[in-house]
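Colleague: Got a structure for you, written out below as structure tokens; questions coming shortly.
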Amino acid sequence: MAGGEVGDTRLRRALMRALVGQTGRRAETIVLPLELLRQLKPSEFTDTNEYHHWQRRQLKVLETGLSLHPSTPLDHPNSAAFRLREVVQMSELKPIDTSKNSEAMCTLCSSVLTLAWRSPNNFPTSDVCHWADGYPLNVYLYLSLIHSIFDLRDETVVLDELDELIELMKKTWVVLGINKMIHDVCFTWALFEQYVITGQIEPDLMCAVLAMLTEVASDIKKADREPGYLKILSATLSSMQGWAEKKLMNYHEGFEKGLIGTMENVLSLALSIAKISEDVPSMRGGLLMDRDGGITMNLLESRVDMYIRSSLKSAFAKIFENGHWQIDSTVMEIEEYPNEVLLQLTKEIKALAIYEKENFSPLLKQWHPVPSAVAVATIHSCFGIVLKQYMARITTLTNESIRVLQTAGKLEKILIQMVVEDSSECDDGGKGVVTEMIPYEVDSVVKNLMKNWINERLRIGRECFLRAKETESWNPKSKSEPYAQSAVDLMMVVKVTVDEFIDIPSSVREELVQDLVDGLENLFQDYTSFVSSCGGGRGRRRCEGGGDADGMATDSWSRISQRQRVSRGGMGAIVLGVRVLMPPTTGRWNRSDPNTVLRVLCHRNDEVASWFLKKTFQLPKRR
1 MAGGEVGDTR
11 LRRALMRALV
21 GQTGRRAETI
31 VLPLELLRQL
41 KPSEFTDTNE
51 YHHWQRRQLK
61 VLETGLSLHP
71 STPLDHPNSA
81 AFRLREVVQM
91 SELKPIDTSK
101 NSEAMCTLCS
111 SVLTLAWRSP
121 NNFPTSDVCH
131 WADGYPLNVY
141 LYLSLIHSIF
151 DLRDETVVLD
161 ELDELIELMK
171 KTWVVLGINK
181 MIHDVCFTWA
191 LFEQYVITGQ
201 IEPDLMCAVL
211 AMLTEVASDI
221 KKADREPGYL
231 KILSATLSSM
241 QGWAEKKLMN
251 YHEGFEKGLI
261 GTMENVLSLA
271 LSIAKISEDV
281 PSMRGGLLMD
291 RDGGITMNLL
301 ESRVDMYIRS
311 SLKSAFAKIF
321 ENGHWQIDST
331 VMEIEEYPNE
341 VLLQLTKEIK
351 ALAIYEKENF
361 SPLLKQWHPV
371 PSAVAVATIH
381 SCFGIVLKQY
391 MARITTLTNE
401 SIRVLQTAGK
411 LEKILIQMVV
421 EDSSECDDGG
431 KGVVTEMIPY
441 EVDSVVKNLM
451 KNWINERLRI
461 GRECFLRAKE
471 TESWNPKSKS
481 EPYAQSAVDL
491 MMVVKVTVDE
501 FIDIPSSVRE
511 ELVQDLVDGL
521 ENLFQDYTSF
531 VSSCGGGRGR
541 RRCEGGGDAD
551 GMATDSWSRI
561 SQRQRVSRGG
571 MGAIVLGVRV
581 LMPPTTGRWN
591 RSDPNTVLRV
601 LCHRNDEVAS
611 WFLKKTFQLP
621 KRR
């Protein structure tokens, strides 16, 4: 009914007045709020506002217990309930007159007594009046009584007079419609609520809650359950379970390293409620049961499995978001998942898996055979989603991307090893958990990227050759550099390709060395074959430039096809950097020197020389 020490004294005085001359009157026949309205006058309060507030509270209690939430449903319309509501509405603006002969008081007494003395069959009864035994008013009032067991100086402490207080509370059971089963539920809730509102610092309160849940589990199996009991039980357990699962679904956030003991109590609470809930029809959630409808260990495993997966997903999301937002905004605009983020993420994921295994898994193993394996599999799946998005954005092969993928591959091996170790005692050796871990296939991705890289480099070399084929004049630059520019360009492409290939930090590189060598060899074979014919359909032609000689056969260009194979870093590479010179010129006139003979023939202006030059070198007749 609320009120401090002054209100308690006032209440005692009012009850003594009500019982004067009524020796032997039982408490269950008294409508307490109505008696208080009769006995207490405005003069006994500090001011009118205080009295008005107190009177409104008593009238609201009557309206709630008799009209809004009666133990026996009302017939509609009900004249007594209508009159009661009229009196309550009259008190909204000012206090009603509670003198004995006032019209408002007469109406109030008549309607209250009519409603309070109704029986379930709507026949008057002299056993007990029903003004506070409807749910949820009866539970609310009874919980107010139960909270008196806690010490006001230290709210985490239960008074030593607990047994005496409970005996006194039992005397209200008839009025409030409470029995032993409902008392157990209410007492469990009071202990739980006190544990929560005091900051969860007193483990003894939670231990008391778990002990009371054992009593509740026994009560639920009894056959003589009242219809309203299941409603009270369902509401109470749902609230407790909601609180516990909110913490367990993200236990990395709710329980730090020093609170593992607290987590054990909360986990025991959630699982105890889960087992009890299977016997409450309105709370069944489709959990696993055996053929006889009984509870199985799979129920507990499924709940713990759910907590592990949910908490690890939340922990991973927090790590990822924190690392992601630490990146400078300009970097994020270029790439949503920078290499630095992925590398840092792999380190933190490994640390998370180890922390889970060392701190939480030993506790969870009481209810789950392989908690660490489930946690690691969840982490593997979460990181796999991020890695898959990252790999989808890789268009070119870089040392940074290779390093990210290699680090991810090493992380995957570590996680799989942790799963195998945690599942060593299982019948399947952890195969059930490992099969749900979709492989990252890092080596396959790297191999495909390297193949694409090789094909791209060969394409560049092929374009260089085709461009030379169409546009090259095939003339040597000078006597000291008797080769075409296309040879220089092609050699530069090859050199850069081989150097970059050797620098790629991947074990997959060794598998693709031969592919690169074969591709470069085919490219140079095509190039040298074309150069040997000096432009294909053009046949032979005179080279412009040329030092001491005005011309020479283009067959000499075929010597560019000479090549050497050398071993570099364990792989075959083509080195074409050897300069192949034109036949040397002695610079002296001699009848045995081919150049001298050729010059003389070119200089002569007669039919024999012209015929020889035309037949041998396709030179036109000299004019």
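Sequence positions in the sequence shown follow full-length UniProt numbering and run 1 to 623. Cβ coordinates follow ideal geometry from the N, Cα and C atoms, glycine included.
Please state whether DSSP places F150 in a helix, a strand or coil.
Modeller: Counted from its first residue, the sequence shown places residue 150 at position 150. Here F150 sits in strand by DSSP.
Colleague: Using DSSP with H/G/I as helix, E/B as strand and the rest coil, what is V280?
Modeller: Looking up residue 280 in the sequence shown gives position 280. Of the three classes helix, strand and coil, the one that applies to V280 here is coil, per DSSP.
Colleague: So, with DSSP's three-state summary, where would you put V158?
Modeller: To locate residue 158, count along the sequence shown from 1; it is residue 158. Residue state, collapsed to three classes: strand.
Colleague: Do the segment 460-468 and the segment 438-449 touch if we need at least three Cβ pairs shorter than 8 Å?
Modeller: The segment 460-468, when compared against the segment 438-449, does not touch it at the 8 Å Cβ threshold.
Colleague: To the nearest angstrom, how far is it from the Cα of V31 to the Cα of Q55?
Modeller: Sequence index remark: in the sequence shown, residue 31 carries index 31 (1-based). Sequence index remark: in the sequence shown, residue 55 carries index 55 (1-based). Each residue's alpha carbon lies about 15 Å from the other.
Colleague: Among A484, A217, N359 and M105, whose alpha-carbon lies nearest the alpha-carbon of V185?
Modeller: Taking the sequence shown and counting its residues from 1, one reaches residue 185 at position 185. Of the candidates A484, A217, N359 and M105, the one whose C-alpha sits nearest the C-alpha of V185 is A217.
Colleague: Do you know offhand how far L141's Cα is from D133's?
Modeller: Within the sequence shown, residue 141 is the residue found at index 141, counting from 1. Within the sequence shown, residue 133 is the residue found at index 133, counting from 1. Using only the alpha carbons, I get a separation of about 10 Å.
Colleague: Assuming contact is defined by CB atoms lying nearer than 9 Å, are A317 and L299 in contact in what I supplied?
Modeller: Against the sequence shown, residue 317 aligns to sequence position 317. Against the sequence shown, residue 299 aligns to sequence position 299. No, they are not a contact pair.
Colleague: Quick check: what's the CA-CA separation for E193 versus T396?
Modeller: Mapped onto the sequence shown, residue 193 falls at position 193. Mapped onto the sequence shown, residue 396 falls at position 396. Cα-Cα distance, rounded: 60 Å.
Colleague: When the distance is taken between beta carbons, is A223 closer than 9 Å to L248?
Modeller: The residue given as residue 248 occupies position 248 in the sequence shown. The residue given as residue 223 occupies position 223 in the sequence shown. No, they are not a contact pair.
Colleague: List the whole-angstrom C-beta distance separating I276 from L237, where the pair is believed to meet the contact cut-off of C-beta under 8 Å.
Modeller: Your numbering for residue 276 matches position 276 in the sequence shown. Your numbering for residue 237 matches position 237 in the sequence shown. With 8 Å as the limit, I276 and L237 qualify as a contact, their Cβ atoms being about 6 Å apart.
Colleague: D219 and M181 look like a contact to me (Cβ under 8 Å); what is the Cβ gap, rounded to whole Å?
Modeller: The count along the sequence shown starts at 1 and reaches residue 219 at position 219. The count along the sequence shown starts at 1 and reaches residue 181 at position 181. Between M181 and D219 the Cβ distance is about 4 Å, and since that is below 8 Å, they are a contact.
Colleague: For W453, which three-state DSSP category applies?
Modeller: Counting from 1 along the sequence shown, the entry for residue 453 is found at position 453. Correct three-state label for W453: helix.
Colleague: Taking the continuous alpha helix (DSSP H) assigned at S52, which residues delimit it?
Modeller: Residue 52 sits at position 52 when you count from the first residue of the sequence shown. First, the amino acid is wrong: residue 52 is His here, not Ser. T48 to E63 is the extent of the alpha helix (DSSP H) around H52.
Colleague: Thinking V158 and I166 are a contact (beta carbons under 8 Å), I'd like their distance in whole angstroms, please.
Modeller: By 1-based counting over the sequence shown, the position of residue 158 is 158. By 1-based counting over the sequence shown, the position of residue 166 is 166. Not quite, the Cβ-Cβ distance comes to about 11 Å (not below 8 Å), so this is no contact.
Colleague: Put M212 into one of helix, strand or coil per three-state DSSP.
Modeller: Working through the sequence shown from its first residue, we reach residue 212 at position 212. M212 falls in the helix class under three-state DSSP.
Colleague: For the alpha helix (DSSP H) holding Q366, just list the boundary residues, first then last.
Modeller: Position 366 of the sequence shown holds residue 366. Neither: Q366 is in no alpha helix (DSSP H) and is coded neither H nor E.
Colleague: Compare the C-alpha of G228 against each of H69, V6 and E155 and name the closest.
Modeller: Walking along the sequence shown from the start, residue 228 turns up at place 228. Of H69, V6 and E155, the residue nearest in Cα terms is H69.
Colleague: So, is T497 buried or exposed, given that buried needs 16 or more other C-beta atoms within 10 angstroms?
Modeller: Your numbering for residue 497 matches position 497 in the sequence shown. Burial call: buried.
Colleague: My output table needs one value for H380: the three-state DSSP class, helix, strand or coil.
Modeller: Indexing the sequence shown from 1 puts residue 380 at position 380. Residue state, collapsed to three classes: helix.
Colleague: Going straight from the alpha carbon of E521 to that of E500, what length do you get?
Modeller: Mapped onto the sequence shown, residue 521 falls at position 521. Mapped onto the sequence shown, residue 500 falls at position 500. Each residue's alpha carbon lies about 18 Å from the other.
Colleague: Does the beta-carbon of D606 have 16 or more other beta-carbons within 10 angstroms, so that it is buried, or is it exposed?
Modeller: Position 606 of the sequence shown holds residue 606. Burial call: exposed.
Colleague: Please report the distance separating the alpha-carbon of A81 from that of S67.
Modeller: The residue labelled residue 81 in the question sits at position 81 within the sequence shown. The residue labelled residue 67 in the question sits at position 67 within the sequence shown. One C-alpha to the other measures close to 6 Å.
Colleague: Am I right that R147 and A190 are in contact with their C-beta atoms under 8 Å? What's the rounded C-beta distance?
Modeller: For the purposes of this step, residue 147 is taken as residue 147 along the sequence shown, with counting starting at 1. For the purposes of this step, residue 190 is taken as residue 190 along the sequence shown, with counting starting at 1. One point to set straight first is that residue 147 is His, not Arg, in the sequence displayed. With a Cβ gap of about 6 Å, H147 and A190 count as contacting.
Colleague: At what residues does the alpha helix (DSSP H) containing C186 begin and finish?
Modeller: On the sequence shown, residue 186 is found 186 positions in, with the first residue counted as 1. From DSSP, the alpha helix (DSSP H) with C186 extends over K180 to I197.
Colleague: Assuming A408 contacts V442 under a Cβ cut-off of 8 Å, what Cβ separation, rounded to an integer in Å, is found between them?
Modeller: The residue given as residue 408 occupies position 408 in the sequence shown. The residue given as residue 442 occupies position 442 in the sequence shown. Contact flag correct, Cβ pair sits at about 6 Å.
Colleague: If you draw a straight line from the C-alpha of residue 709 to the C-alpha of D127, how long is it?
Modeller: The chain is shown from 1 up to 623; residue 709 falls before or after that span and cannot be answered.
Colleague: Smallest Cα separation from T114: which of I379, K431 and T72?
Modeller: For the purposes of this step, residue 114 is taken as residue 114 along the sequence shown, with counting starting at 1. The candidate whose alpha carbon is nearest that of T114 is T72.
Colleague: Note down, in chain order, each residue of its chain lying with its Cβ closer than 6 Å to the Cβ of R12, except the 5 sequence neighbours on either side.
Modeller: Residue numbering aside, residue 12 sits at position 12 when the sequence shown is read from its first letter. So no residue of the chain qualifies.
Colleague: Exposed or buried, which one is M206 when buried takes at least 16 other CB atoms within 10 Å?
Modeller: In the sequence shown, residue 206 corresponds to position 206, counting from 1. Per the 10 Å Cβ criterion, buried.
Colleague: In angstroms with no decimal places, state the Cα-to-Cα distance between H76 and A27.
Modeller: For the purposes of this step, residue 76 is identified with residue 76 of the sequence shown, where counting begins at 1. For the purposes of this step, residue 27 is identified with residue 27 of the sequence shown, where counting begins at 1. If I take the Cα positions, the gap works out to 30 Å.
Colleague: Checking 9 Å against the spacing of the C-beta atoms, do P203 and E301 come in under that value?
Modeller: Counted from its first residue, the sequence shown places residue 203 at position 203. Counted from its first residue, the sequence shown places residue 301 at position 301. Cβ distance not < 9 Å, so P203 and E301 don't count as in contact.
Colleague: Can you tell me where the alpha helix (DSSP H) with E421 in it begins and where it stops?
Modeller: Along the sequence shown, one-based indexing puts residue 421 at 421. Here the alpha helix (DSSP H) through E421 covers N399 to D422.
Colleague: When you compare each of T98, E472, L230 and S314 to Y251 by their alpha carbons, which one comes out closest?
Modeller: Within the sequence shown, residue 251 is the residue found at index 251, counting from 1. For Y251, the nearest C-alpha among the options comes from S314.
Colleague: L100 by DSSP, collapsed to three states: which one?
Modeller: Taking the first residue of the sequence shown as 1, we reach residue 100 at position 100. A small fix is needed here, since residue 100 is Lys in this sequence, not Leu. Reduced to three states, the DSSP call for K100 is coil.
Colleague: What does a CB cutoff of less than 8 Å around L84 pick up in its chain, not counting 5 residues either side in sequence?
Modeller: For the purposes of this step, residue 84 is taken as the residue at position 84 of the sequence shown. Counting only Cβ-Cβ distances below 8 Å, and skipping sequence neighbours, we find L62, E63, L66, S67, L108, S111, V112 and L115.
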